[in-house]
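One structure is given here, and the rest of the page talks about it.
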Amino acid sequence: MPDDEGNTKGETMIGKVVKNVGNSASESLAESLSSAASGAAERATKAVTDVSLVVCQENFNRMAAERSILNTRDVRETGTTSVAMSPLIYGMVDACTLSVGVDKPGEGACWVMCAPTNQGKTHAGEFLIHGNHAFRPERSLKIDATNMTDFPKDCATTVLNCGAAAGDLAVLLCKALASTKNSASKESGLAKKATSMLGKMACEPDLTIAFDSLIEMRDADEMRDADEHHLLHAAHEKSMPCPILIFDEFYCETEANTDFIQLLIKEASSSGVIVFVMTTNVDWASKLIGLNGGERIKPLPANVENEGYDGVKRFLEVPLWNKLSWTLSQLRFLVLPICEEYGLEPDVVVPAGSSFSPSEALKSAKRLGIMKLREEMDGKQKHQIEIVVLSIVSNRFPQARRMISISAQL
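In terms of the numbering used here, the sequence shown has 500 at position 402, counting the first letter as 1, and numbering is strictly consecutive.
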């Protein structure tokens, strides 16, 4: 029967079916287009991320070859090319010996150092990777982690200006440090594509210093003796310098930082990278030691007083951290440049029986130097005043001038 518009019932049903099919087709087309657009966007994002990661890797490769110091504005002047032997320097070189030895091979590739501020941690790290000693690495990185509560994210954005590198940071760092000339040449084609203008704009490193000065040890005899001692305990065929990664001021105890160190332990172990984590936070340092059951991450042997611990066997105790106190001889070599500048004797600045910290010894040397300089200036001024007074008196009183002349002859 025709409806009000003259259509039969069958025709009406066919129309509805056609309409529904049309709507369904439109929706399917829209979903397909949306899915295609979403897939294209994901592929584009992944492509950009992949390019960014390759660029970040190349940047880290270059910085490791330059043995760069990253994320710091407070680096010693490159003209300051000597340091004094310190407990930390000796301890860090000793840890390198344990890491490459075969008679007693060290099980840990990651060493934790905990010491108060102004004990020479920063300078010790610089000397380890740039000093004139037997274990100076060919590739190294030193990163200032001050205030980084989420190290992977903060380092990726601060050092590389590339947040995409955060999730792969441990891998990127260890791969760069373990990189060789052969692997670099194989990736040269990819590197050229990756270091396009877009890549450079996305991942331009910041606050990076290529520290290429060779730092000498002021007490050359002590450094030579230390080198000879350490080389005796290292395998001759494996005594080539290992790549070194140093984290300075890594004191923020957070879940993100804990997860990063756990991943880094595995990567460093498989890559043959020696890692040093420097902190002032005792609780955080002790917690780090327990992350791997005391096997692959341990306290620096010179930094704890646990009886029988030599850095070789697994560390299963509570760390008894010491303050890495300096000896009188080390402190006197520390103040030597200031003493030479002001004409002072180191054993006067750091007398026997004193218990100075490094910063206190430096302040003492500076204070005594300034006092001596003032005394010399006061003496010169006094002499000049005496000359002026005598000149005035002799000009006004001729008889006095004759007496001054006679006195001068006598």
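For glycine and all other residues, C-beta sits at the position ideal for the given N, C-alpha and C.
Asked                                                                                                         : Found
Cβ pair A450, L422 closer than 8 Å                                                                            : no
Contact under 8 Å by Cβ, L275 with S369                                                                       : yes
Straight-line Cα distance separating C194 from R430                                                           : 26 Å
3 or more residues per run - each beta strand (DSSP E) lying fully within the region 174 to 253               : 208 to 212, 238 to 242
Extent of the continuous alpha helix (DSSP H) to which L361 belongs                                           : 353 to 369
Top-ranked residue by Cα proximity to D319, from V153, S457, Q428, L460                                       : Q428
DSSP bridge partner residues for E314 (one or two, in chain order)                                            : S180
C-beta contact flag for L226 and L343 at 8 Å                                                                  : no
Of the residues N157, T179, Y407, the one placed nearest W509, counting alpha carbons only                    : As displayed, the chain neither begins before 99 nor continues past 508, which places residue 509 out of reach and without an answer.
Beta-carbon gap between I313 and V433 smaller than 8 Å                                                        : no
Coil, strand or helix - P397 by DSSP                                                                          : strand
Other residues of its chain near D266: CB distance less than 7 Å, five sequence neighbours each side excluded : L151
Inter-stretch contact at 8 Å, needing at least 3 Cβ pairs: the region 204 to 224 / the region 376 to 388      : yes
Reference G223; option with closest CA among M246, I167, I468, P456                                           : I167
Best match in M183, D192, S184, K464 for proximity to V410 [C-alpha to C-alpha]                               : D192
Rounded straight-line distance, which links the Cα of S277 to that of N159                                    : 7 Å
DSSP state of L509 mapped onto helix, strand, coil                                                            : Nothing about residue 509 can be read from this structure; the chain reaches only from 99 to 508.
V373, DSSP secondary structure in three states                                                                : strand
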